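Read the structure below first, then the notes.
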Amino acid sequence: MIPNYSGHKVAGGKTEMSNKYSPENIELKWQRYWEENASYQATEAPDKPKYYLLEMFPYPSGRIHMGHVRNYCIGDVIARYKRMQGYNVLHPMGWDAFGLPAENAAIKHRTHPASWTQKNIAYMRRQLQRMGYSYDWTRELSTADPQYYRWEQLIFIKMYERGLVYKKKSPLNWCPSCKTVLANEQVEGGGCWRCDTSVVQKDLEQWFFRITAYADELLKFCDELHASAGSGWPERVITMQKNWIGKSEGVEVDFPVIGFNKPIRIFTTRPDTIYGATFVILAPEHPLLRELVGGEPNEEEILAFAEGERQVDRITRTAADREKVGYPAGRYAINPYTNQRIPIWVANFVLPEYGTGAIMSVPTHDQRDFEFAKKYGIPLQVVIQPQGEPLKEETMTAAHEGEGVLVNSDIFSGMGNEEAKGAIIEYTENRGWGERKVNYRLRDWGISRQRYWGAPIPIVYCERCGTLPVSEADLPVVLPAKIEFPADGHSPLPEMEDFVNTTCPKCGGRAARDTDTMDTFVESSWYFARFTCVKYTAGPFDPKAASYWLPVDQYVGGIEHAILHLLYARFYTKVMRDLGFLELDEPFSALLTQGMVIKDGAKMSKSKGNVVDPNDLISEYGADTVRLFSLFASPPERDLEWSEEGVEGSFRFLSRVFRLLEKFDFILIQPKQFDLPNTLKHLQNKELRRQVHRTIKKVTEDIERRFHFNTAIAAIMELVNALYLYEPPAAADDEAQAVVHEALGSVALLLSPFVPHIAEELWERLGNPPGIFEQPWPKYQDDLVMLEKITLVVQVNGKLRARIEVSANPAPEEHKTMALQDDRIRKYVEGKHIRKVIYVPKKLVNIVVVA
RNA sequence: GCGAGAGUGGCGGAAUUGGCAGACGCGCAGGACUUAGGAUCCUGUGGGGUAACCUGUGUGGGUUCAACUCCCACCUCUCGCACCA
Numbered sequence: 003m004i005p006n007y008s009g010h011k012v013a014g015g016k017t018e019m020s021n022k023y024s025p026e027n028i029e030l031k032w033q034r035y036w037e038e039n040a041s042y043q044a045t046e047a048p049d050k051p052k053y054y055l056l057e058m059f060p061y062p063s064g065r066i067h068m069g070h071v072r073n074y075c076i077g078d079v080i081a082r083y084k085r086m087q088g089y090n091v092l093h094p095m096g097w098d099a100f101g102l103p104a105e106n107a108a109i110k111h112r113t114h115p116a117s118w119t120q121k122n123i124a125y126m127r128r129q130l131q132r133m134g135y136s137y138d139w140t141r142e143l144s145t146a147d148p149q150y151y152r153w154e155q156l157i158f159i160k161m162y163e164r165g166l167v168y169k170k171k172s173p174l175n176w177c178p179s180c181k182t183v184l185a186n187e188q189v190e191g192g193g194c195w196r197c198d199t200s201v202v203q204k205d206l207e208q209w210f211f212r213i214t215a216y217a218d219e220l221l222k223f224c225d226e227l228h229a230s231a232g233s234g235w236p237e238r239v240i241t242m243q244k245n246w247i248g249k250s251e252g253v254e255v256d257f258p259v260i261g262f263n264k265p266i267r268i269f270t271t272r273p274d275t276i277y278g279a280t281f282v283i284l285a286p287e288h289p290l291l292r293e294l295v296g297g298e299p300n301e302e303e304i305l306a307f308a309e310g311e312r313q314v315d316r317i318t319r320t321a322a323d324r325e326k327v328g329y330p331a332g333r334y335a336i337n338p339y340t341n342q343r344i345p346i347w348v349a350n351f352v353l354p355e356y357g358t359g360a361i362m363s364v365p366t367h368d369q370r371d372f373e374f375a376k377k378y379g380i381p382l383q384v385v386i387q388p389q390g391e392p393l394k395e396e397t398m399t400a401a402h403e404g405e406g407v408l409v410n411s412d413i414f415s416g417m418g419n420e421e422a423k424g425a426i427i428e429y430t431e432n433r434g435w436g437e438r439k440v441n442y443r444l445r446d447w448g449i450s451r452q453r454y455w456g457a458p459i460p461i462v463y464c465e466r467c468g469t470l471p472v473s474e475a476d477l478p479v480v481l482p483a484k485i486e487f488p489a490d491g492h493s494p495l496p497e498m499e500d501f502v503n504t505t506c507p508k509c510g511g512r513a514a515r516d517t518d519t520m521d522t523f524v525e526s527s528w529y530f531a532r533f534t535c536v537k538y539t540a541g542p543f544d545p546k547a548a549s550y551w552l553p554v555d556q557y558v559g560g561i562e563h564a565i566l567h568l569l570y571a572r573f574y575t576k577v578m579r580d581l582g583f584l585e586l587d588e589p590f591s592a593l594l595t596q597g598m599v600i601k602d603g604a605k606m607s608k609s610k611g612n613v614v615d616p617n618d619l620i621s622e623y624g625a626d627t628v629r630l631f632s633l634f635a636s637p638p639e640r641d642l643e644w645s646e647e648g649v650e651g652s653f654r655f656l657s658r659v660f661r662l663l664e665k666f667d668f669i670l671i672q673p674k675q676f677d678l679p680n681t682l683k684h685l686q687n688k689e690l691r692r693q694v695h696r697t698i699k700k701v702t703e704d705i706e707r708r709f710h711f712n713t714a715i716a717a718i719m720e721l722v723n724a725l726y727l728y729e730p731p732a733a734a735d736d737e738a739q740a741v742v743h744e745a746l747g748s749v750a751l752l753l754s755p756f757v758p759h760i761a762e763e764l765w766e767r768l769g770n771p772p773g774i775f776e777q778p779w780p781k782y783q784d785d786l787v788m789l790e791k792i793t794l795v796v797q798v799n800g801k802l803r804a805r806i807e808v809s810a811n812p813a814p815e816e817h818k819t820m821a822l823q824d825d826r827i828r829k830y831v832e833g834k835h836i837r838k839v840i841y842v843p844k845k846l847v848n849i850v851v852v853a
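Per my numbering, the first sequence starts with residue 3, numbered consecutively.
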């Protein structure tokens, strides 16, 4: 379906070429021009206001997909628009180059991850350049470059010195066949995604970033990002982050155990229900379990159950619909509040890593406890009565988790439950039974990966001195290039003696390197800051450049990174601030999350077979058409339904724009300076000019206020339609020439952020020197935008009955009178009592009548 | 289950602060040009009715002179979280 754009033949020696819209010629011409003139290079200019626009950089998987295209089109509009608004714009691009697919490709195709990645980068860079994005390519970076990750290693060392990095044993998904750790999302139905072998839990020594130390600040700043609503972060991303951090306030309490010298410490957010705690449950991993059940009749059974649970992968383990299973430990605790003897249980739904790994169980006021108690016949005790029908233990079919008044709660009986929470915590602290405690759902960030293709962790283990960071002078710890990949997929690093064997930075003795690499989310947690000074060698950041450009004024990317990447980057920013590298609390002042690209009702994916390749579109229609359609079909934050007809429509529009040159050929034969008089003689000139200025206003506001490019483009389409309908009063008349020239120039300027190539071409053909991107954004004249005549809507009892053309600025009474005098209106009003006349200035008159 | 968002013609979508519902595009129909048109240009296009007019933004109610927009209840879809004590 290649469009046939062989328009009519032009007589008189002009080549056909010059008059038909031939995107490829135009686009390559201007891409070359921009490159040769270094058009988009950014340099710090303290006298100019800066604007840092960033799109989420891609993983170099091989080729650009439509999701990237949409993301980068949105970003490019904003970057180009801001540039024309006079900002000094930084708009960089780079590569999130470490990661698993490179390693998998290496094993599969017997290539090197580095060369595979290099090849992909080269190809994708060409694709992006072919799209005409206004990147400053001199700032391109790749995270796999030792000159990049050396600073990551430095930051790691500084974090280590500050206690923000630590090592601990933690359970991981492990595939025994592939001999590697799997991320949670790589475990499918309990099996390895690659070989389907059952995944086991394995305890491994891992490095962790202490993100929990920043939990409160990350939470607090959520509100500040939100406070700048409209220009800040989308509400739902903030909500997701808040939920992820999951702050909960409660209390930790010791429950003594009968015949045992250590108490069990539990955490609860519901101290108001503590008098109803009729049992205690431990997680299977609870450290006291073995000791507690030692010698009990069912010891072996319980320990076997606990061991079985340890082996279950985290996904299954924490699934909400998993059946609750437990065993009585055979021992009893004392509820210190009631002095009652209550049984101790072990159950699969209690998680070792949250709170204290032990809970008090209140079946009457917690649904999970209720189900568990019913299943195992554990007694219930109501301690909160809601309004209305009183709760009875025997007849309850579900827990009452809501509000109420305390009963059976000693001195707290009669108190409202919200009030009781604080009172009981205070009581607890006074008695020394426990203390107030804040818990987070957020866990420290495990960053060790048993993988080759990542940034090496700069740690050595010395036989004499123990665990030590690599000395700063020895950075970077470079990933060895010469490698043989074991066929089973495990990392080659541990077996590479040249790499592993090193000397201790302290005693000079024999030492071994850590052979894990860092999670690739670490690289993407600071790349935005490195873009301000990619070539700086004295440290990770050039303080002058960083403080000039940061924070990112507008970040654009997919919603799928709403939690992990954005939370990590926020955390890392605060860490870098506290290490003295940056002076910055938050990395991204504003965030725009674009919707997915959909085709036939589903997200584009290889498995669905509904993928559209940008290359095919570019060769068929050109980059400008692809850009235009991705921006026109829906507003950025919504999903975009791909439509071949819609793409053709966009192409048709651009051809139509280009043919304007032909229509106004006779006017534009002699480009010259046109002066526009304040008052125009001809009505059609006046009207065209008014529409030009109204369009400038509309497009400016749509971009500026809400990034609604679809309506901005629609307005330009209307202007183009008006130009087609426009007939000059007399050919080549000066006034007409001037008006048309302004109109065509405005079309080019207004289009330039969206479809820069054709805009440049138009601009040049209108007789201007090349470089539309350096032009100031057009301004509208307020007095021209005002209409002299308006359509006044006249309603009777709220129903539209007439539209009348009136002059815009008479006294209010006049519009009312005109409305009442209209024939069509008189018909409805005659013989009735006019109760009220509502007048909305310059818009509407509503006459309220009664019969 | 909890949280967030959405529901408007045949389709993508517009209506910015409660004030003309359906901008713009696609599709469709008619016309012009043409040997031809799947190119281009013009016109029309929510539904019903010859018409005056009636009706219409997921459903039902409410507030208002006036509701796609605000309030209450419900239905459907999408996304996120989901045993976190």
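Glycine included, each C-beta is placed from N, C-alpha and C at the ideal position.
Note that the structure is predicted; figures quoted are calculated from it, not measured.
Glutamate 525 counts as buried, since at least 16 other C-beta atoms from the protein chains shown sit within 10 angstroms of its C-beta. Going by C-alpha positions, tyrosine 277 is about 48 Å away from lysine 160. Its chain contains Leu495, Met498, Asp500, Phe501 as the residues whose beta carbon lies nearer than 8 Å to that of proline 482, once the 5 sequence neighbours on both sides are disregarded; these appear in chain order. Rounded to whole angstroms, valine 787 and histidine 695 show a C-alpha spacing of 6 Å.
The beta carbons of leucine 206 and leucine 174 sit closer together than 8 Å. The shortest C-alpha to C-alpha distance from cysteine 177 to any of Glu643, Pro258, Leu642, Asp315 is the one to Asp315. Rounded to the nearest whole angstrom, the CA to CA distance from leucine 444 to alanine 217 is 7 Å. Distance from the CA of leucine 662 to the CA of isoleucine 157, rounded to the nearest whole angstrom, comes to 57 Å.
Under the 10 Å beta carbon count, histidine 93 is surrounded by 16 or more other beta carbons and is classified as buried. The three-state secondary structure of aspartate 274, taken from DSSP, is helix. DSSP places phenylalanine 668 outside any beta strand (DSSP E), giving it a letter other than H or E. For valine 364, no pairing in a beta bridge is given by DSSP. With contacts defined by Cβ atoms closer than 8 Å, arginine 272 and lysine 326 do not form a contacting pair. In the structure shown, the three-state DSSP call for aspartate 587 is coil.
Straight across, the Cα-Cα distance linking phenylalanine 523 with tryptophan 153 is about 15 Å.
In the three-state DSSP reduction, glycine 559 falls in the strand class (E or B).
Check the Cα spacing between glutamine 556 and each of Leu566, Gln596, Arg579: the tightest is with Gln596. In this model, tyrosine 135 and isoleucine 715 are separated by some 18 Å (Cα to Cα). Assigned with DSSP and collapsed to three states, tyrosine 841 falls in strand. Taking each of Arg579, Leu291, Leu477 in turn and checking the Cα distance to alanine 540, the smallest one comes out for Leu477. Approximately 50 Å separates the beta-carbon atoms of glycine 648 and asparagine 441; this is outside 8 Å, ruling out the contact. Your pair alanine 745 and tryptophan 765 does not check out as a contact, with CB atoms roughly 13 Å apart and the cut at 8 Å. For threonine 119, the three-state secondary structure derived from DSSP is helix.
The alpha carbon of glutamine 129 has as its nearest neighbour, out of Glu287, Ile620, Ile836, Gly332, the alpha carbon of Ile620.
Cβ-Cβ distances below 7 Å link tyrosine 623 to Pro25, Val649, Phe653 in the same chain, with the five nearest sequence neighbours on each side left out; the list follows chain order. Per DSSP, the continuous alpha helix (DSSP H) segment holding tyrosine 623 begins and ends at 616-623. Annotation for tyrosine 334: the continuous beta strand (DSSP E) segment containing it runs 328-337. If you look at glutamate 298, you'll find it isn't in any beta strand (DSSP E); DSSP assigns it neither H nor E. The C-beta of isoleucine 836 has fewer than 16 other C-beta atoms within 10 Å across all chains shown, which makes the residue exposed. For serine 549, the enclosing alpha helix (DSSP H) stretches over residues 545-551. Burial is judged here by how many other beta carbons sit within 10 angstroms of a residue's own beta carbon; leucine 802 has fewer than 16 and is exposed.
Within the stretch 122-177, the complete beta strand (DSSP E) segments of 3 residues or longer fall at 167-177, listed in chain order.
In the pairwise beta carbon analysis, the stretch 221-228 is classified as not touching the stretch 406-424: fewer than three pairs are separated by under 8 Å.
For glutamate 437, the uninterrupted beta strand (DSSP E) run begins and ends at 436-442, by DSSP. In the structure shown, the three-state DSSP call for alanine 457 is coil.
Runs of beta strand (DSSP E) with 3 or more residues, each lying fully within the stretch 796-823, are found at 801-809, listed in chain order.
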